[in-house]
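Asker: Basically my numbering = 1-based index in the sequence shown + 341.
The beta carbon of each residue, even a glycine, is placed where N, CA and C say it ideally should be.
Sharing a structure with you now.
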Amino acid sequence: MNLLVDIGNTRLKWGLAEDSHITSGQSQVHHQLDSHKLIEIWKKIAPPRQLAISCVSSSRLVELVRAVAVELWPDIDISIAQSQAQAFGVYNAYEQPRKLGVDRWLSLVAARRYYPGLACITDCGTAITLDLIDAQGRHLGGLISPGLTLMRKSLAQGTEALKWSEMNYAAGLANFTEAAIHSGTLAAACGLIEHVLATQPENIQLILTGGDAGCVAEQLAYKPIIDPDLVLRGLSIVLEG
């Protein structure tokens, strides 16, 4: 059994991999996490053989995860995933391959194995990232946009009269400001995805992951595949070698 850790911009998520099967664990917001809390959660896990970490956030969080793992399982083998120019049947489009976010790279690796063919991989998290991969495993490039929460917070911070709310509202034309912001930002996210898909062949697969994947999927004109563990699947493939 291997322990997989995905450190995103807002949350730390982990899961367990056994014979290519991923069991989702929990996720924690960064500011709510410390070594004592992580030890209390992870000490219930049977000792894993390996730990693989993906991180697009602070290196401090990598060190926290590493320290907790070593304290609990002193002999554990630890690896930190990095984006590559070419591996696992995927060809990175970036001129500087390491500049591609490792979460995006791992999602490409996972999509290549589990969803072969032309695909648009969309991570609906703190940022919304879209990456296209063709049937030959060639990364065709990608786009990055603010995520839903970031868009809403930006409106609140950049204006005097617009207030941000964490409430969910019905999508569509709204008759009060908070709902209008909710629907407007959701429409912007969906519009970005649908704009990209409209430029591609009809057989393209849309794969959604990330914390906002569900609410975005409900408003799309396209039927997506939702895979909340896409990055963890990529980590597992990398560990397999």
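1. Considering only the alpha carbon of each residue, which of L379, H377, A410 lies closest to R390?
2. Using 8 Å for Cβ pairs, my map puts A468 next to N343. What's the rounded Cβ distance?
3. State the DSSP-derived secondary structure class of I578, mapped to helix, strand or coil.
4. Name, in chain order, the residues that DSSP records as bridge partners for N343.
5. Hey, out of A520, V346, H536, whose CA is closest to L405's CA?
6. Is the region 522–529 close to the region 479–493, with three or more CB pairs under 8 Å?
7. Out of G552, A393, A558, which one is the CA nearest neighbour of G532?
8. Spatial neighbours of Y456 within its chain, please: CB distance less than 7 Å, with the 5 preceding and 5 following residues excluded, ordered by chain position.
9. In three-state DSSP terms, what is A460?
10. Output yes or no for whether 8 Å exceeds the beta carbon distance between I417 and I394.
11. Under three-state DSSP, which class holds A428?
12. Measuring CB atoms only, is the region 427–445 touching the region 472–481, in the sense that at least three cross pairs come out at less than 8 Å?
13. What's the gap between the Cα of S448 and the Cα of A512?
14. Taking the alpha-carbon positions, what's the I382 to R445 distance?
15. Hey, how far is the Cα of V450 from the Cα of G575?
16. Per DSSP, what kind of secondary structure is D570 in: helix, strand or coil?
17. Give me whichever residues DSSP pairs with G488 in a beta bridge.
Answerer: Taking the definition as stated:
1. One-based indexing of the sequence shown puts residue 390 at position 49. It is A410 whose Cα lies nearest to the Cα of R390.
2. Taking the sequence shown and counting its residues from 1, one reaches residue 468 at position 127. Taking the sequence shown and counting its residues from 1, one reaches residue 343 at position 2. With 8 Å as the limit, A468 and N343 do not qualify as a contact, their Cβ atoms being about 27 Å apart.
3. Translated into positions along the sequence shown, residue 578 becomes position 237. Residue state, collapsed to three classes: helix.
4. Translated into the one-based positions of the sequence shown, residue 343 becomes position 2. In DSSP, N343 forms a bridge with A358, Q391.
5. Position 64 of the sequence shown, counted from the first residue, corresponds to residue 405. Checking every option, the nearest Cα to that of L405 belongs to V346.
6. Yes: at least three Cβ pairs fall under 8 Å.
7. Mapped onto the sequence shown, residue 532 falls at position 191. Selection G552, A393, A558 evaluated against G532 yields A558 as nearest (Cα-Cα).
8. Indexing the sequence shown from 1 puts residue 456 at position 115. Non-local C-beta neighbours of Y456 in its own chain, meaning closer than 7 Å and more than five positions away in sequence, comprise Q546, I548, I566, ordered along the chain.
9. One-based indexing of the sequence shown puts residue 460 at position 119. DSSP places A460 within a strand segment (E or B) once states are collapsed to three.
10. Sequence index remark: in the sequence shown, residue 417 carries index 76 (1-based). Sequence index remark: in the sequence shown, residue 394 carries index 53 (1-based). Cβ distance not < 8 Å, so I417 and I394 don't count as in contact.
11. As a working mapping, residue 428 is identified with position 87 in the sequence shown. Correct three-state label for A428: strand.
12. A contact is defined here as three or more CB-CB pairs under 8 Å, and the region 427–445 meets this definition with respect to the region 472–481.
13. Taking the sequence shown and counting its residues from 1, the one referred to as residue 448 is at position 107. Taking the sequence shown and counting its residues from 1, the one referred to as residue 512 is at position 171. Rounded to whole angstroms, S448 to A512 spans 29 Å at the Cα level.
14. Within the sequence shown, numbered from 1, the residue matching residue 382 stands at position 41. Within the sequence shown, numbered from 1, the residue matching residue 445 stands at position 104. Whole-angstrom Cα-Cα distance: 27 Å.
15. For the purposes of this step, residue 450 is identified with residue 109 of the sequence shown, where counting begins at 1. For the purposes of this step, residue 575 is identified with residue 234 of the sequence shown, where counting begins at 1. Taking the CA atoms as reference points, V450 sits about 5 Å from G575.
16. The count along the sequence shown starts at 1 and reaches residue 570 at position 229. Coil.
17. One-based indexing of the sequence shown puts residue 488 at position 147. Beta-bridge pairing links G488 to no other residue.
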